[in-house]
Structure formats: C-alpha cells, structure tokens
Amino acid sequence: MGFAGLSLYSQAVLLLAGLIALTSFLMLGQSRLVRLVLVFAIQGILLAATTAVVAGVLDFPHLYISAGLSFLLKGILIPIMLHRMIYRLGLHRELDTIEHPARVMMGGAFLVVFSYYVSLPVVAHSPLVTLNAVAVSLAVVLLGMLLMITRRQAVAHVVGFMSIENGLFFAAVVSTYGMPMVVELGIAADVLVAAVVFGVFFFQIRESIDSLDVDRLSKLSEADKP
Amino acid sequence: MALLLAGISVLAALLSSVASLAAGPNGLAWHGMLWWMQKTPFRPVQRGERLTPGRFSRLARTTPFLLLGVSGGFAVTAGMIALLGGGTRTATLPFGLPWLNWHLALDPLAGFFFCILGIPLIAASLFGPGYVREFEHGKHTLSVLGLFTGLFVAGMELVLLADDAFLFMIAWELMSVASYFLVAYQHEHATNRRAAFLYLLMAEIGAIAIILAFGVLAGFAGGLTFEALRSVALTPLWASIAFVLALAGFGMKAGLVPLHAWLPEAHPAAPSHISALMSGVMLKIAVYGFIRFAFDLLPSLFWQWGVLVLLIGSASAVLGILYALQQQNLKRLLAYSSVENIGIIFTALGLSLIFQSSGNSQLGTLGLVAALLHSLNHALFKSLLFLGAGAILHQTHEHSLENMGGLIHRMPKLAALFLIGTLSIAALPPFNGFVSEWLIFQTALQAGGIQSGILRSLIPTASAVLALTSALAATCFVKVYGVAFLGLPRSRHIARAREVRHPGMLAGPSLLAAFCVLFGVLPTPLINALGSLTQPLTGFVLPNISALGWLWLTPVSPEVAAYSPALVLLGTVAVGWLCYYLLYRRTGLEPRRAEPWDCGFGGLTARTQYTSGAFSMPIRRIFEPVFDTCETVEEQTEGPANTRVTGLRYHFQVLDRAWLVLYEPSGRAVTRLARRVGRLQAGNIRTYLGYSFFTLIVLLWVVS
Amino acid sequence: MAWLMAILQTLLFIGLAPLLSGWIKRVKCRLQNRKAPSLFQPYRDLRKLYRKQPIVPQPASWIFRAAPYIVFASTVLAAATVPLVAIHLPTARIADVIVLVGFFALGRMFLVLAGMDIGTAFGGMGSSREMTISSLAEPAMLMAVFTLAMSAHTTNLSQAVNFVLDSGLVLRPSFVFALGGLILVAIAETGRIPVDNPATHLELTMIHEAMILEYSGRWLALIEWASQIKLMLYGVLIANIFFPWGIAQTFSLNALALGLGMIALKLAVLAVMLALSEVLFAKMRIFRVQEYLSFAYLLSVLGMLSHIILEAAR
C-alpha cells in the first residue's frame, strides 16, 4: 500500500511523530537553558496536536480534553514555571556546554535506530498503521534519558525527565488511542507535583553547594578525596 | 592461447631480472665486454666503435625496462583475450612438490586483473629508463633494482595465474619479499630501513593469516587445488573463521584500517616507479585475492560478513583521506590516498556481499562491477600521480609540498598530465573516477529492496560517509595541485626547475592519462566486457547496462538512473567554446598582465601564500578527535620585557592514531611475551642438558 | 523537437537568472529601508563587465584563464538537466541528481584552483574555506537526495518530479526533513548569509569572493552569471521537487505557459524568504559553519530514518 495510500490523518500523525523526534534531537544540542525550555514547550504543543488529530480520526471526544490538558500543562504551564525558575536562579546567562556534541548526536541517531530495531516485533503483530510511531516514542524516551546523562545543570535534568514522560504519553496515544481519563488526570497531577517538588529542591541544592551543577554534588560524599 | 601469452609475460618479467643482473657493472655482460675489448687491443677506439661505455650504460638501463614493457603488453593481451573470450583455461606445470604440481588457470577475473597489471606496467617501463638514471652513479647498483623489479612483477603475475593454494602462496611470498628489497633499496637512510622492516613484518603476518584461511578450507577438502577447495562444504562457523582470516590477510596487504600503517611508510621509501607499481597494482592483487576467496572459493555468503566489510571499508576511506589531507610529503599523501581508495573498493565489495547474500543477484553484481571498475580506475590514476611525483622528484629532488610552487610554469607538460590525474581522483565528471563512484552510489541507493530495516538504515549512512570521503578527496587533491603547481615557487631550486626531458618520462604518464579520459568518457563498453566475469561469480550479468546505447550508462534501468559522460564532455566543450568565441573573438579585448591585489601595502612574496598545512587547517580543527596533533610555536623576542617578536617558528606534526592505539601496545605486548619466553634461554649448560634429557624421555614414552 | 525544447528551456534558465538576483536585491533593500536598484541592474552590470579589458595577475597560468569558461559551462549543463518549466525532456537523462552534484564540484574545483593560481594569501584563504564548507555540505546534500531517491525509486530528476506529482498531496516526514536539510545546504553552497556575505568588502571575511578577487572583465561576468545561475538552480530544485504542482507534463502551449507562471511565482516566494533570512540573521564565524552544516546533516539523516521507520511498507 505504501505511504501515499494512507489517509491524510494518518500521514499527519506520522509527520508529527517525525517532528517530535526532531525536537528531542534539538533539545540534545541546546546549550542555553531558556531555549531548551522553549523547545520542550514546542514538543508539548506538538504532542497536543497529535492527540487532537487522533481524536479527530477516531471521534473520541475525551481525547480532545486530553489534548487540551496536555497543551495547557506541557505547552504552557510547566514551561512558564521552568522559565520563571531559571530567571530567579539567574541561570539564563549560563552556558551548559556539551563536551562532544558530535558524539552525543551520533549516540542519539544510534538510539533511534536501536529503538526501531527493538520495536519491530511489536509493530509486526498489530494492524494499526500508525503503530510505526511506537519506535519514535521509544526513541523520545531514550533521548530524554540521554539528555539527563549528558547535562550538568539540574534544570536540564528536569526537562529530560519531562521529556521522558512526553515520550510515554505519545506511545499511549499512538498505540492504544489514549489512556482512560482517570489515568490521564492522575499522571498529569503527578507531573505537576513533580515540577513543584523539583523547584523546592533546586533552592535547597543551591543553598548547600552554591551552584546547580550536579557534578559538584559529589562534594557531599563521605569518602576522602585525594 | 591466452595462457600461453600470460606465460610469456611471466617469462619476460623474469628475463628482465636476469638482464639487469647481467648488465650491472659487475655483471656478466660488463665482464664480457671488457674481455672482448682486451682481446682485440689493436682495434681503433675512437671511430666506428659501436659499443661505447655511454651507449652501453644506456642499453643496460633500457633493456630490463624494455623486457618489462613486453611483459606488460603480453599481460594486457592475455587479459583481454581471457576477459572477452570467457571460459577458463588451465594448465599444469611440472614444478612444485612431487604430489602437487603447479596448477595454472586463466579465467576472466584473472584476465581483468592482468589488464589492471599490464597498463601501469607499460607506463612504468616507459618511465623507468629516464628515472633510474640518477641511481646509476649512486651508492647502489641498478642491477639489484632491476633484478627485484622483475621478480616482483613475475610474482604478481603468478599470483593471478595460480590455481592451487601452494603456488598462490609461493607467488605471494615472492611478491612480498621482492618488494621488500625494492623498498629497502636506498637503505642508507634509517627511515627507509625502518619502513622496509615494518613492511616485511606486516606482509608476513598477513601471509600467515592467508595460509591459515587456505588451511581451514583445505582441512575440510581433499587437496590444495582451487578445484578441490571450491567443492568443500563448511559449517557457517568455519566459513566465518576462514572469511575473517582472509579479510585480515588480504586486508593487511591491501591497506585497510587499522592494518594500514606500512603503506605510508613503505611507498615513499621506494623509487617512484616502484611506488606506482606497488600502489597501483600490488594493492589490487590483494583485492583479487579477496574476491577470489570470498566470491569463488567460499560456498555461501552471509550478510554479516558484508556488514563487516562495509564498516571496515567506510572507516578506511574516511580515515585514509583525513590523514592524507594532513601530509606534507607528496608521496606519503598519495599513499594515504591509496588507503582511502582501497576503502572505497571494499565498501563496494561489502555492498555486493550484502546484496548477494540477501538473494538480490542483480545488485550484488552491480556492486562487484563497481568495485572492479574502481580497482582499474585507481590503478590508472594513482600510477599516473605517483609517476608525476617521481618526475618532480627527479627534476627537483624535492619531497615536501611546503617547498614547491609554481611548477606549472616550469614543467607545463607534466602539469597538464598531473591535472588529469587530479581531476580523475577527485571523482569529477566526465573522468573515470566519477563513473565508479557513481555506480557505488547507485548500488547503495537500491537498498530499499532489503528486508532488514537495520541494513536499510546502515547502507545510506555508509553512502553518506562515501560522499564525505569524495568531497574530502577533492579538497586534498586541490591542495596538492594548487600548492605544488600553482602560485609562486616557495624555494629557489623549485624556481629553477626544468621540464622533464626524457621522452619516456612523459610518455608513460600520457598513456595513463589517455586511458583515464577514455574510460571516463566511454565506460559502457568496458562494463559490458565484464559480463563474462560476473557470470561465474554471482550468476548474473547486468542486463540493462547499455539499454540506451553505448553512449549511456544505465546500471539498473533507464528510468532509475542514466548518465552519459560523452554527452557531458561534448556539452561542456561546446558551451565553453561558444562563450570563448562570443566573448573573446567577437570583442577582441586582449587581457593585460598586472600585479595582484595587495591591499595597497605591496611586498607580496612567495612567503605570503597559503601553505599546504594552512590549506588543510580547517579540516584539522573540525576533525580534531581523529588526529594526534602536536603543534609547537617558537617565538624569538627581543626588546624590553620581550615584547617585540622578531621570529616565529610554527611546527606541527600529525601522527597516525593507529600507532598509539594498536601498534605500540601490540609491540610492547610482544616484547613482554618474548622476554618471558626468553627466560628459557638461561645460559646455564645444565639447564640445556636438562631440556635434552626431558625431550628424550618424552619421545621414548610417546614411541613406546 | 524535444531537444529543441530542452535547449530553449536552458536558454530561458540562464537568461532569467540575473532577474532573480535583481529581485532578491530589491526585496532585501526594501526590507532594510533602502532605495533599491532597478530589477534589470544585474543585466546592465554583466554588459558593463563584458566591455572591460580583463587583467591577468602576474603569477597566473592558463588555469586562471580557462576556469571561468569551465565554471560557466558546467553550471549551464547543470541547468540543462534540472526541470524548470517542463519535465520529460531528453536532457534530464544525461545526468541525474548525483551527477548534478558532480557538476557543481567540477566548477568549484576549477574556481578553487584559480584562487590558488594567483599566489596571494587571499586566494588560498578563499580556496581553503570554500573546500572545507563544501566537503561538509556535500554529505548533507547527498543524504537529502537519497531520502528523495529512496521514496521515488529513481535519481533521475524528471522521473522524481513525476513521482511526486502523481502521488498527490502526501505529508511525508522524510520530505519535510529533506527539504529542511536542502534549504540549509543551499544557503551554504550559494554563499549567502549566514554562511558567507556576498556583498562584503572585507577580504578576511570573504569566502567565495576571495577566490575570485583578481577576476575582471568578461571572466568576472561569466563567474558572476554562473553564481546567479547556481542560486536559481537550488531554488528550482527546492521548488520543483517538493512543490511541483503546475509544472508542464506535456508540451502544449497552455501547459508550458502555466509551468512558466508557476515557477516564476514559486521562485519569487523563495526569494522573499531568502531575503528575509539574510536581513534577520548575522553572518556566522567560520568555525560555527561546521555546527550549522552538521545540523543540516542531522536533518537529512532524520529524514532518511523517518523514511525507513515511518514510511516504508513492511
């Protein structure tokens, strides 16, 4: 049948999947925290758009609410909170330089191919055509973890964690056409609470070690340093 | 008939060895001539003397090369008859072991590689007599050079003719050892000695790997002939072991990364026409060995092998050209560029293996044809470049690009030939380097037919690496041509260089340049001729290659891709001439010479030009993790608080990372192991008596 | 008959290229609140250059004199193979899209050799930087081309355009990414801001201009014209491969007129976008160009990966 034979809605879902993967890569390469949060907001908005398109295809009204919720939460509220936190901590002037951007990017591409390889058996057994996007969602989860590993600033860690949650949400939307509403609301509340708790933690870390560079957290270890 | 011609070719090569041995200053012919002159003392010595010492030395120089040229001519003829005729011709010689005579065979694959051998050989034998003149009064005799050249060529030809593993290995060793002596020809320099030792060491390790590979096959088969080896049935495990051993052995001789370290050491050390033969021909003999082993002798292919070959080939291509960009020594740069081109050939072979093992014979054949075509093209343009470098060396005694410049004004004919070589190696249409790279891209693009998604994403990535390689190759050779031939001369002896005068030294490169242009503009008849070659190896002949006629190249089908290099050349020449006519002839404005723009400061000298190291500096910075660079800047200052800088010296050196990672640790491990084993030699006589006693007891026990 | 059409299309191509440059300059001047020169000023500039006596610098050889002709000829040949107004022309079969990249490489090599021929630091600097940028841009461009070729199962440009036309409106992620990569590469290869400023006077900031610093008279006219044709070539490639609607599939007069009108419209829109980006962005430092080009390469690789993962039938 090929790609051209799919309906326009299915093509739109796959196109949005590709764009979400692009935003994950862009987040890997950003050294400024303000832009990182902006790209994360774009990822949230794309996710909301995907949910809306799937809602339109299947005519599930509750998915529209889910789309609106994720747009509000992930596209607007959490990015604004992170933005304010960055400005209050004075981090908007700092550069979180990545040591070897080329290697990180190559690692990212390898993760995409790997998640495609891993999700092959899952996709083969299912009649849903948009299931191809499961590979992309797994890739977004793995890229979020890579983001957490390669960054020193704690705020970037939060963004990575949120991005992992974005990937899981995307997988749910694409493979099972949305989770039950209760689960959806519960996860949204969890994410909001996590963001608030992170914010509190940041101030606490800052007071202890006078910086938000997580590599310096090793100063708190008991072992004798030579 | 073809086998007879090939045999004559081998004999001619051996005769050239004998001739040069005889013609040396201590040789038979010299003594003979002295004896003859002594025998007839009353003969007038001024007039009518047919054999003056000067004429004699010229004859002595030329005869071995004449015989080599004859050998090359017969090789090309034999190869073409075998290639176009198809089928295999075999023979058995009564040499060798009593139960295993030497088996010879000439099939189309060997015939094609005979052509690859013959053309650079003819060019080198045209080039040789003028070039070796400078060695005549040097520290070493020409006879040694000629002797080992003949043995080297004979060894390569016997490798191509061999039909059993025994003759194959004998000829392989003959080739390696003869070229060792050639590399060590100027052994008064320590670097040459070191290079020759490294070359011999790695050649022998490679030969051991090849012997083991043949041994795996022979262990399961009945005998050592290729006939017997072909019909063996192997488990996948043993087949993979044999394949990896063959890849290691032939790859070491071909110069794949990381086993390439001998190439950039050995090729600059040898005389230039020998470097041309080693780089142009000997590396292709290794490719022939690999193709013979993998496609012909092994019973079946697996796609994992293809992925391995593809990865190693891509890595060699990219690393080879990155290191080539950083070299200042012209011949060392050309050697690294050979590493790159061998990487490209093995990339094509890897693609062919992947497609062939997936059952897609058409694309497997296309990949194999692309690899074979690139072997031929590389032999042509690399020999051309090495002969050109040899001519520069002969006229100016200059190795380093940093001292050259402006040679296009002093040596215009050589510059024109070198330009053709540069355009071919940079893979630009309509020359021959572009055709083979285009075919490799077309093969890689058909990856959509493969089932496995991982392979479908790996193959385009490998072709992107190939694209990077060809762009970097263009950069490298623009640097070579621009720094060596264009601009202003950077040293005095270059400013006074003279054009090559010996006609042979221009004729050899001209022949190669003509073939580069010919195979670039008319590749389709050549690829059609390879049909009989691919049939026994992959079981397929490309059907559509000339679907639109002999002017067009359509590898898969006319709708998928089409290229007409002849029309491209015609179009370029037509448009160029039309512009020239309309703009120049009609307006008639003659150009005027003036000084270049100097920002109004004046005083532009040759020192203000870009140097070779400066040209490649951005690449060095961008690809920094690949290189092992040491840069030093020394300042000479004077004045109060050392603030005035009067002199600045910048020195940078790029070392091959493979040394640090692979060779030095291996060397250290071997030394450590040798020291441990060396404890056996305690020096104590009682210990030695104890060894003999112990051995005697063990033997008695075994026998009983 | 078809060959005649092909030659006419090529002449139209090279004839309209200076007009496109004039239009870009006009839009840019308007955006910068300056008074713009006439739309036909590039033609007048070329005519002025033809009538001047060319000057050859002292160290230059025959390569300096031959390079403008070779550069122009290879660019014209490239223009002959790209479908401008109509597809299914016979010249499209002489060279496919990989050979097109090869044509650009041929012209670039001779221009770089001419830069080294002058024997000054500027020539060497321009040549070195130009080759570095092109060696990074070529893999990105070829990867974008491969993505296209893997969908269309051909590298022949005419056939590829035909394939996209026949498929109708399809939202392929791989095409979106390939388009992004190709746009970034086109800016780098044609030497526009943010990679290279075509209107700079400072020699140390030049890339393309530094190579042709010594050219004058008819040679400079040929090289300028060739770079205008190259800019139009990239524009036509982007417009006709990714948005080919309106291009003539037959040789009837109506179809050709529609094709001409559509391509003019698409090029005008692309020119406005280019002028906007030139005004909004600043020129990058030379060692930042590698990050820019690796981003272009990343987009192309993502395009290829999304073709395999999301689009290919299992």
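Chains as they are written, first to last, in this note's numbering: chain A, 35 to 260; chain B, 190 to 893; chain C, 24 to 337. All C-beta atoms, glycine included, are put in the ideal place defined by N, C-alpha and C.
List the whole-angstrom C-beta distance separating residue i from residue j, where the pair is believed to meet the contact cut-off of C-beta under 8 Å.
| i | j | result |
| --- | --- | --- |
| residue 629/B | residue 723/B | The Cβ separation is near 16 Å, so there is no contact. |
| residue 604/B | residue 674/B | 5 Å |
| residue 184/A | residue 243/A | Not a contact, Cβ separation roughly 20 Å. |
| residue 201/B | residue 260/B | 4 Å |
| residue 492/B | residue 547/B | 6 Å |
| residue 798/B | residue 142/C | 6 Å |
Got a sec: is the Cβ-Cβ distance from residue i to anything in chain A below 8 Å?
| i | result |
| --- | --- |
| residue 49/C | no |
| residue 309/C | no |
| residue 266/C | no |
| residue 54/C | no |
| residue 133/C | no |
Could you work out which residues of chain B lie near residue i, taking near to mean beta carbons separated by less than 9 Å?
| i | result |
| --- | --- |
| residue 138/A | Result: empty, since nearest Cβ-Cβ is about 13 Å, beyond 9 Å. |
| residue 179/C | 747, 748, 749, 750 and 751 |
Taking C-beta pairs closer than 8 Å, name the residues in chain A that residue i reaches, listed in chain order.
| i | result |
| --- | --- |
| residue 196/C | 48, 49, 51, 52 and 53 |
Beta-carbon within less than 8 Å of residue i's beta-carbon, same chain only, minus the 5 sequence neighbours each way: which residues are those?
| i | result |
| --- | --- |
| residue 827/B | 833 and 835 |
| residue 27/C | none |
| residue 288/A | With chain A represented from 35 up to 260, any question about residue 288/A goes unanswered, as that position is not in the structure. |
| residue 213/C | 250, 253, 254 and 257 |
If you measure from the beta carbon of residue i to each beta carbon in chain C, is any gap under 8 Å?
| i | result |
| --- | --- |
| residue 264/A | Lying before the first or after the last residue shown, residue 264/A is absent from chain A, which here runs from 35 to 260. |
| residue 808/B | yes |
| residue 143/A | yes |
| residue 712/B | no |
| residue 237/B | The pLDDT assigned to residue 237/B is 45, lower than 50, so where the model puts this residue is not dependable, and the model offers no usable value. |
| residue 623/B | yes |
Going along chain B in order, which residues have a C-beta closer than 7 Å to the C-beta of residue i?
| i | result |
| --- | --- |
| residue 147/A | 643 and 646 |
| residue 169/C | 634, 649 and 652 |
Under 7 Å Cβ-Cβ, which residues of chain C neighbour residue i?
| i | result |
| --- | --- |
| residue 533/B | Neighbours of residue 533/B on chain C: none; closest Cβ ~15 Å, over 7 Å. |
| residue 756/B | 117 |
Give me the chain C residues within the contact set of residue i, using Cβ-Cβ distance strictly less than 9 Å, ordered along the chain.
| i | result |
| --- | --- |
| residue 169/A | 332 and 333 |
| residue 320/B | Neighbours of residue 320/B on chain C: none; closest Cβ ~26 Å, over 9 Å. |
Check the Cβ of residue i against every Cβ in chain F and list those closer than 9 Å, keeping chain order.
| i | result |
| --- | --- |
| residue 150/A | In summary, chain F is missing from the structure at hand, where the protein chains are A, B and C. |
Chain B beta carbons: is any one of them nearer than 8 Å to that of residue i?
| i | result |
| --- | --- |
| residue 123/A | no |
| residue 154/A | yes |
| residue 162/C | yes |
| residue 208/C | no |
| residue 79/C | yes |
| residue 63/C | no |
Go through its chain and collect everything with a Cβ distance to residue i's Cβ below 7 Å, but skip five positions before and after it.
| i | result |
| --- | --- |
| residue 756/B | 740 |
| residue 750/B | 631, 743 and 744 |
Keeping to the same chain, check which residues put their C-beta closer than 6 Å to that of residue i; ignore five residues upstream and five downstream.
| i | result |
| --- | --- |
| residue 202/C | 265 |
| residue 172/C | 178 |
| residue 291/B | 282, 284, 285 and 356 |
| residue 322/C | 200, 203 and 204 |
Which chain A residues sit within Cβ distance under 7 Å of residue i?
| i | result |
| --- | --- |
| residue 324/C | 143 |
Name the chain C residues whose beta carbon is nearer than 8 Å to that of residue i?
| i | result |
| --- | --- |
| residue 502/B | Neighbours of residue 502/B on chain C: none; closest Cβ ~16 Å, over 8 Å. |
Practice prompt. Could you name the residues of the region 39-72 of chain A whose beta carbon sits closer than 8 Å to any beta carbon of chain C, in the order they occur along the chain?
Written response: 42, 45, 46, 48, 49, 51, 52, 53, 55, 56, 59 and 63
Worksheet item: For the region 215-232 of chain A, which residues have a beta carbon sitting closer than 9 Å to at least one beta carbon of chain B?
Response: none
Fill in: Short-range partners of chain A found in the region 298-322 of chain C, where Cβ spacing is below 7 Å
317 and 321
Worksheet item: Which of the residues in the region 811-838 of chain B, read from start to end, lie with their CB under 7 Å from any CB of chain C?
Response: 811
Item to complete: Closer than 9 Å, Cβ to Cβ, to anything on chain C: give me those residues from the region 286-300 of chain B, in chain order.
Response: Listed by position, the residues of the region 286-300 of chain B near chain C (Cβ gap below 9 Å) amount to none.
Item to complete: Could you please tell me which residues of the region 776-798 of chain B, in chain order, have their CB closer than 9 Å to any CB of chain C?
Response: 776, 778, 779, 780, 781, 782, 783, 784, 785, 786, 787, 788, 793, 795, 797 and 798
Practice prompt. Could you please tell me which residues of the region 200-233 of chain C, in chain order, have their CB closer than 9 Å to any CB of chain B?
Written response: 226
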